[in-house]
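For the sequence shown, numbering that gives the first Met the number 0 begins at 0 and goes up steadily by one. Some notes on the structure that comes next.
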Amino acid sequence: MEFNCDPVPQFAAWFAEAEMHEPNDPNAMSLATVDVNGAPHVRIVLCKGFDAAGLRFFTNMESNKGHDLAAHPHAAVCFHWKSLSRQVRAEGTVQKLPAAEDDAYFHTRHRDSQIGAWASQQSRPLESGIKLTTEFHQIKNKFTDQAIPRPPYWGGYLIIPHRIEFWQQRPHRLHERMLYTRENGEWQQMRLYP
Ligand SMILES: Cc1cc2nc3c(=O)[nH]c(=O)nc-3n(C[C@H](O)[C@H](O)[C@H](O)COP(=O)(O)O)c2cc1C
């Protein structure tokens with residue numbers, strides 16, 4: 000397989016194929032963070048954009064992952080596109096997106112998802128499912144006939160990768176791995192044994 004010398008167009012090509020072939024959420028990626036004690040945690044989030052600057056995702060910044068990123072602004076992500084037998088891993092530093100970008104994305108979301116962001120104290124204990132539904136409806140009523148502001152604790156992060164690896168399954172476990180590493184702003188490319 001030929002790989003582009005730049006991982007960004009390479010990722011764009013694989014992502015476009017994943018969008019055509021994956022039945023659900025081709026933008027789903029496992030996101031690994033490390034907490035204040037050095038323990039790792041992983042969960043899925045949706046990638047809401049990528050370009051030469053990095054990969055973006057949105058969340059509640061007061062969630063466990065938000066606290067992890069405040070303590071250690073580093074993350075690893077992994078996409079698995081089963082229908083294509085492909086994996087892409089990326090690792091890098093993490094920055095908060097500017098508030099203007101948080102606002103712009105928040106307002107593209109479905110109104111009920113905007114209300115959900117107000118209702119959910121993500122990662123904190125919840126007494127009962129009914130409590131969450133009740134709070135959702137209370138917030139919905141409060142904002143009747145009004146634009147919903149973005150909660151101050153809700154926003155996006157940019158993962159700035161310094162390492163991206165593409166993996167393609169091949170017969171006899173002779174899988175292809177192409178690793179890109181960034182040094183002084185330049186991407187270097189290297190094949191790895193599977
Ligand atoms: C397919 C899928 C997509 C998800 N997308 C997001 C997302 O974009 N942002 C988010 O905060 N949580 C998302 N979640 C929920 C997270 O996996 C996780 O449960 C939540 O963010 C709390 O994680 P934390 O307690 O480690 O912070 C998604 C879950 C799944 C299964």
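Glycine residues also receive a C-beta, built at the ideal position from the N, C-alpha and C atoms. Since we're looking at a predicted model, the values are computed, not measured.
{"Query": "C-beta atoms of G155 and F2 nearer than 7 Å", "Result": "no"}
{"Query": "Three CB pairs or more closer than 8 Å across the region 58 to 67 and the region 127 to 137", "Result": "no"}
{"Query": "Any non-hydrogen atom of ligand 2 closer than 6 Å to K64 Cβ", "Result": "Ligand 2 is not among the ligands present in this structure, which contains only ligand 1."}
{"Query": "Integer-rounded CB distance, given that R85 should sit under 8 Å from Q9", "Result": "At roughly 11 Å, the Cβ-Cβ gap does not stay under 8 Å, so Q9 and R85 are not in contact."}
{"Query": "Local conformation of A89 per DSSP, three classes", "Result": "strand"}
{"Query": "Element boundaries [beta strand (DSSP E), containing P6]", "Result": "Note, P6: premise wrong, no beta strand (DSSP E); alpha helix (DSSP H) at 6 to 20."}
{"Query": "Distance cut-off 6 Å: L45 Cβ against heavy atoms of ligand 1", "Result": "yes"}
{"Query": "Distance between W80 and A52 (C-alpha atoms, nearest Å)", "Result": "23 Å"}
{"Query": "Beta strand (DSSP E) segments (min. 3 residues) lying fully within the region 102 to 177", "Result": "153 to 167"}
{"Query": "T107 CB to nearest heavy atom of ligand 1 below 6 Å", "Result": "no"}
{"Query": "Coarse secondary structure for N63, derived from DSSP in three states", "Result": "helix"}
{"Query": "Own chain residues within Cβ distance below 8 Å of V33, not counting five before or after", "Result": "P39, H40, D67, A70, H71, H73"}
{"Query": "Any non-hydrogen atom of ligand 1 within 6 Å of D24 CB", "Result": "yes"}
{"Query": "A118 and I147 closer than 7 Å at C-beta", "Result": "no"}
{"Query": "Buried or exposed by the 16-neighbour rule on C-beta atoms within 10 Å, applied to Y179", "Result": "buried"}
{"Query": "Per DSSP, the bridge partner or partners of P39", "Result": "V33"}
{"Query": "For R88 and V76, the rounded distance between their alpha carbons", "Result": "6 Å"}
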